[in-house]
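Beneath this line is the structure, given in structure tokens, with notes to follow.
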Amino acid sequence: MRAIVMTAPGAPEVLQLAEVPQPTIESDRQILVQLKAAGVNPIDTKLRSRGTFYGDRFPAVLGCDGAGIVAEVGAAVTKFQVGDRVYFCNAGLGGHPGNYAEFATVDERFVAHKPKTLSFAEAAAAPLVLITAWEALCDRGRISSGMKTLIHAGAGGVGHVAIQIAKLKGAKVCTTVSTTEKADFVTSLGADQVIFYPQTDFVKKVLDWTDSQGVDLAFDTVGGKNFAQTFAAVKIYGDLVTILSPSADTNWKIARDRNLRISLELMLTPMLQGLNKLQQHQAQILAECAQHIDRGDLKIHLAQTLPLAAAADAHRLIEAGSMIGKIALEI
């Protein structure tokens, strides 16, 4: 089968189209999926440039997100049958081959039926960002109706679904963006307050919006100095969830003085640690999100699709920054 492989870390050029053996079902609970599209995420670009989590296993096939049609099922599979359309986030971290390929095997417990109203490319763009936003807001932040939330980079891949999930839960949403185009986009998703962070002190704007109290829950998708700056925008005893590692020189004083609850969100942990029950929980998140998508309550913004052979170009687009929504590879 065709796949995009990397034989060493490096620039996007290390991603090359090649012929590799087609995977085969190795356990009774696995399904073989003929992939129609693969999502491209920032984690893919980091693994390509720095090396995978399994640095000695080359060549590697990247791509955590996939969508396609079930081509074969293991003897103990009960949830799916041949011909079912599915989507999932699994593998692509350097161990088990990922989804920049024509076929992939995956345990049925980690898979959900594809939203009927999405194309394969749209569905492939969805899993990682849906799970990340859901876990951050619902599992970590315990979001509930009436809460005021701050979501950084609301036009991004994770941010744009986080806004919608927060609104589905009845929360008010304030979000940061860098352009008027992005402001229009997040407003269309239901954002209640939009802050142009390059020209504006976002902390002051948030405090103005919350009568000087701060938000109940902040979601940091940017990291760096943005993380520590957000401390002052969260109410006393409030929650701040980040998807980035806090830097070693982070000054925690304001967070401590405000008695903030800080949470770290890495949706890859169940895959990396082999935590099957938590991967099943993530598949349940995808199943619930599929219902919202098919009801029209949740949208995935697919900014661009490229053919599988253009995976390197997809990585360049992500690394250039300023992306609205997601990118997918059509297979």
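The sequence shown finishes on residue 405 if you use the numbering used here, and the numbering steps up by one all the way, no holes.
Using N, Cα and C, we set each Cβ at its ideal position, and we do this for glycine too.
May I ask you to list the residues that DSSP assigns as paired with V107?
-> DSSP output for V107 lists V144 and A178 as bridge partner(s).
Is the CB-CB distance between I237 and L291 below 8 Å?
-> No; because the gap between Cβ atoms is not below 8 Å, this pair is not in contact.
Measure the Cβ-Cβ separation of P83 and R131 and say whether it is below 8 Å.
-> Contact flag unset, no.
C-beta atoms of L338 and G312 nearer than 8 Å = Not closer than 8 Å, so no.
Which of the three DSSP states, helix, strand or coil, is assigned to I359?
-> Three-state result, I359: helix.
Where A257 sits in the DSSP three-state scheme = Helix.
Pull up the distance between the alpha-carbon of Y161 and that of D285, whole angstroms please.
-> Their backbone Cα atoms lie some 43 Å apart in a straight line.
What residues match up with P344 in a beta bridge as DSSP calls it?
-> According to DSSP, P344 bridges with nothing at all.
By DSSP, does D139 sit in helix, in strand, or in coil?
-> The answer is strand: DSSP assigns D139 an E or B state.
Looking at the structure shown, is P36 part of a helix, part of a strand, or coil, going by DSSP?
-> Limits of the chain in this structure are 75 at one end and 405 at the other, which puts residue 36 out of reach.
Kindly indicate the opening and closing residues of the beta strand (DSSP E) around E404.
-> Element bounds for E404: K400 to E404.
Could you give the distance in angstroms between the alpha-carbon of V231 and the alpha-carbon of T98?
-> The sequence shown places Gly at residue 231, not Val. Taking the straight line from one Cα to the other gives about 32 Å.
For Q353, count neighbouring C-beta atoms within 10 Å of its own C-beta (all shown protein chains included) and say buried if the count is 16 or more, exposed if not.
-> Buried, because 16 or more other Cβ atoms sit within 10 Å of the Cβ of Q353.
Which of the three DSSP states, helix, strand or coil, is assigned to A307?
-> In the three-state reduction of the DSSP assignment, A307 falls in the helix class.
Entirely enclosed beta strand (DSSP E) segments - the stretch 151 to 196, minimum 3 residues | Runs of the beta strand (DSSP E) inside the stretch 151 to 196: 159 to 163, 177 to 181 and 185 to 187.
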